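Participant: Below are the structure tokens for one structure; questions will follow.
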Amino acid sequence: MPVTGIQAGRSGERAGVSPDMPARGAGAAATPLALVLETLSVGFGGLQVLDGVSMTIRPAERHAVFGPNGAGKTTLFNLIGGDLMPGGGRILFFDMDVTRLPPHARVRLGMRRTYQSSMLFPELSVLENLLIAVRGVRPGRFGLGRIRPGDVDVAAAETLLRNVRLTDVAAQTVATLSHGQQRQLEIGMALAGTPRLILLDEPAAGLSAAERRDLGELLTALPRSTAFLLIEHDLEIALQVADRVSVMHGGRVMRQGTPDEIMNDAEVQAIYLGGGSKEAGGHAR
Ligand SMILES: Nc1ncnc2c1ncn2[C@@H]1O[C@H](COP(=O)(O)OP(=O)(O)OP(=O)(O)O)[C@@H](O)[C@H]1O
């Protein structure tokens with residue numbers, strides 16, 4: 001297979017630098033990359049699920065991780081978020097080595113994550129859920145307390161409401177929301193505290209075509225100050241919202257590039273049009 005300008009995760013490549021981005025350190029005070037994944041690997045028993053995954057995310061970049069079922073995407077998120085420790089490799093978050101830090105320490109550094117299963121409080125209102133998120137990421141003790149107009153946390157929760165387009169349903173309990181609105185709320189909660197990076201795990205899963213369109217628009221309109229890394233099965237959404245895309249296959253990053261580069265890549269097309277010869281998922285050792 002020819003080596004293309006968008007191939008990623010190859011041995012010998014300088015860790016943390018992909019061919020389509022300028023080398024760091026060129027300027028006197030180069031901004032650190034938001035995330036550098038260096039040759040991450042993890043296995044379960046005899047199954048090697050991730051095998052030398054390297055990836056870089058710039059500050060404020062929107063990056064989609066795309067790949068077939070079993071490619072290792074959620075496992076990768078578990079490593080980045082701290083729910084799982086790698087067997088090998090390193091994770092740098094704004095130049096800090098977070099490889100062995102627990103999830104709450106990563107949250108304190110400005111990393112957030114959504115999960116495939118809902119983490120909402122169904123009996124509370126939309127605003128109360130957002131308030132919990134706002135108070136939960138602040139250092140120190142917190143309680144839901146009374147919602148008072150003018151409260152700085154309430155104002156922050158109301159900003160999140162607007163960001164995820166839920167102002168009209170602020171007083172409704174979460175249990176009464178549509179599935180699409182619940183996904184919007186999860187994104188709003190992840191935005192609490194102005195994080196530097198959000199990991200979004202299949203936010204469009206289970207949504208109708210109209211809800212997926214709305215979600216794509218919502219993600220596109222999010223504040224540019226926050227980088228996000230998105231796992232998405234819906235290629236259309238991934239290509240719509242992402243600046244760059246990583247395609248995973250068999251526990252490796254097989255391509256990294258702009259949406260245009262990815263869309264026009266013959267091997268990616270072959271796999272996603274069902275003509276691929278490689279097996280998805282981990283490979284037994
Ligand atoms: N805790 C675990 N123990 C054993 N095997 C696991 C574990 N977690 C994941 N796996 C296996 O690792 C492989 C990758 O799983 P992962 O969930 O990361 O893939 P994925 O790309 O997110 O797939 P999907 O798109 O279906 O969510 C799968 O074969 C899965 O069965």
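Under full-length UniProt numbering, the sequence shown has 47 at position 47, and the numbering climbs by one with no breaks. Every residue gets a Cβ at the ideal spot worked out from N, C-alpha and C, and that includes glycine. This structure is a prediction, so every number in the text was calculated from the model and none was measured.
I'd like to check one pair, residue 241 with residue 66: are the Cβ atoms closer than 8 Å?
Facilitator: Numbered from 1 along the sequence shown, position 66 holds the residue referred to as residue 66. Numbered from 1 along the sequence shown, position 241 holds the residue referred to as residue 241. The answer is no: Cβ separation not under 8 Å.
Participant: Is residue 109 a contact residue of ligand 1, with contact defined as CB to any heavy atom under 7 Å?
Facilitator: Indexing the sequence shown from 1 puts residue 109 at position 109. Residue 109 Cβ: outside cutoff for every heavy atom of ligand 1.
Participant: Using DSSP with H/G/I as helix, E/B as strand and the rest coil, what is residue 265?
Facilitator: Position 265 of the sequence shown, counted from the start, is the residue given in the question as residue 265. It is coil, neither helix nor strand.
Participant: May I ask you to verify whether the segment 184-201 touches the segment 105-116, counting CB pairs closer than 8 Å and requiring at least 3?
Facilitator: The answer is yes - the segment 105-116 touches the segment 184-201, with three or more Cβ pairs under 8 Å.
Participant: If you count every other CB in all the chains shown that lies within 10 Å of the CB of residue 269, and 16 or more means buried, which is it?
Facilitator: As a first step, residue 269 must be located in the sequence shown, where it is residue number 269. Exposed is the call here.
Participant: Could you tell me if the beta carbon of residue 69 falls within a distance shorter than 7 Å of some heavy atom in ligand 1?
Facilitator: Locating residue 69 in the sequence shown gives position 69, where the first residue counts as 1. Checking the Cβ of residue 69 against ligand 1 gives yes.
Participant: Considering only residues of the segment 197-230, which uninterrupted alpha helix (DSSP H) runs meet the minimum length of 4 residues and lie entirely inside it, listed in chain order?
Facilitator: Counting only runs of 4 or more, we get 209-220.
Participant: Where DSSP assigns a beta bridge to residue 91, which residues make up the other side?
Facilitator: On the sequence shown, residue 91 is found 91 positions in, with the first residue counted as 1. The partner list for residue 91 (beta bridge, DSSP) reads 37.
Participant: Check whether the Cβ atoms of residue 157 and residue 120 lie closer than 8 Å to each other.
Facilitator: In the sequence shown, counting from the first residue as 1, residue 157 sits at position 157. In the sequence shown, counting from the first residue as 1, residue 120 sits at position 120. No, the Cβ-Cβ distance between residue 157 and residue 120 is not below 8 Å.
Participant: What does the alpha-carbon distance come out to for the pair residue 231 and residue 73?
Facilitator: By 1-based counting over the sequence shown, the position of residue 231 is 231. By 1-based counting over the sequence shown, the position of residue 73 is 73. C-alpha separation (whole angstroms): 7 Å.
Participant: Does the segment 29-45 come close enough to the segment 202-221 to have 3 or more Cβ pairs within less than 8 Å?
Facilitator: No, the segment 29-45 does not touch the segment 202-221.
Participant: To the nearest angstrom, how far is it from the Cα of residue 193 to the Cα of residue 68?
Facilitator: The count along the sequence shown starts at 1 and reaches residue 193 at position 193. The count along the sequence shown starts at 1 and reaches residue 68 at position 68. Taking the straight line from one Cα to the other gives about 33 Å.
Participant: Is residue 226 near ligand 1, with its Cβ less than 7 Å from a heavy atom?
Facilitator: Within the sequence shown, residue 226 is the residue found at index 226, counting from 1. Not under cutoff, so the answer is no.
Participant: Give the secondary structure of residue 48 by DSSP, where H, G and I count as helix, E and B as strand, and everything else as coil.
Facilitator: Along the sequence shown, read from residue 1 onward, the residue named residue 48 stands at position 48. Correct three-state label for residue 48: strand.
Participant: Three or more C-beta pairs closer than 8 Å, one from the segment 259-269 and one from the segment 79-94: is that the case here?
Facilitator: The segment 259-269 vs the segment 79-94: no contact.
Participant: For residue 264, count neighbouring Cβ atoms within 10 angstroms of its own Cβ and tell me buried if that reaches 16, exposed if not.
Facilitator: As a first step, residue 264 must be located in the sequence shown, where it is residue number 264. It counts as exposed.
Participant: Return helix, strand or coil for residue 245, following the three-state DSSP convention.
Facilitator: Sequence index remark: in the sequence shown, residue 245 carries index 245 (1-based). Residue 245: strand per DSSP, three-state reduction.
Participant: Rounded to a whole number of angstroms, what is the C-alpha to C-alpha distance between residue 102 and residue 81?
Facilitator: Numbered from its first residue, the sequence shown carries residue 102 at position 102. Numbered from its first residue, the sequence shown carries residue 81 at position 81. Those two C-alpha atoms are separated by around 8 Å.
Participant: Beta-carbon within less than 7 Å of residue 252's beta-carbon, same chain only, minus the 5 sequence neighbours each way: which residues are those?
Facilitator: Here residue 252 refers to the residue found at position 252 of the sequence shown. 9, 51, 52 and 53, listed in sequence order.
Participant: For my contact list, residue 167 and residue 191 are in at a C-beta cut-off of 8 Å; report their separation, rounded to the angstrom.
Facilitator: Here the question's residue 167 lines up with position 167 in the sequence shown. Here the question's residue 191 lines up with position 191 in the sequence shown. Not confirmed; about 15 Å, so no contact.
Participant: Determine the extent of the beta strand (DSSP E) in which residue 254 is found, giving its start and end residues.
Facilitator: In the sequence shown, counting from the first residue as 1, residue 254 sits at position 254. Per DSSP, residue 254 belongs to the beta strand (DSSP E) from 252-257.
Participant: Considering only heavy atoms of ligand 1, does any lie closer than 7 Å to the CB of residue 44?
Facilitator: For the purposes of this step, residue 44 is taken as the residue at position 44 of the sequence shown. It does: the Cβ of residue 44 is within 7 Å (strictly closer) of some heavy atom of ligand 1.
Participant: What does DSSP give as the partner residues of residue 179 in its beta bridges?
Facilitator: Counting from one through the sequence shown, the residue named residue 179 turns up at place 179. Answer by DSSP bridge pairing: none, since residue 179 is not bridged.
Participant: Assuming residue 169 contacts residue 126 (C-beta within less than 8 Å), just tell me the rounded distance between them.
Facilitator: In the sequence shown, the residue the question calls residue 169 occupies position 169. In the sequence shown, the residue the question calls residue 126 occupies position 126. Residue 169 to residue 126, Cβ: 5 Å. Contact.
Participant: Between which two residues does the alpha helix (DSSP H) harbouring residue 65 extend?
Facilitator: Looking up residue 65 in the sequence shown gives position 65. Note, residue 65: premise wrong, no alpha helix (DSSP H); beta strand (DSSP E) at 62-66.
Participant: From residue 30 to residue 55, what distance separates their C-alpha atoms?
Facilitator: In the sequence shown, residue 30 corresponds to position 30, counting from 1. In the sequence shown, residue 55 corresponds to position 55, counting from 1. Near 18 Å, if we compare the C-alpha coordinates of residue 55 and residue 30.
Participant: What are the boundary residues of the beta strand (DSSP E) that includes residue 162?
Facilitator: In the sequence shown, residue 162 corresponds to position 162, counting from 1. Here residue 162 belongs to no beta strand (DSSP E); instead the alpha helix (DSSP H) covers 152-163.
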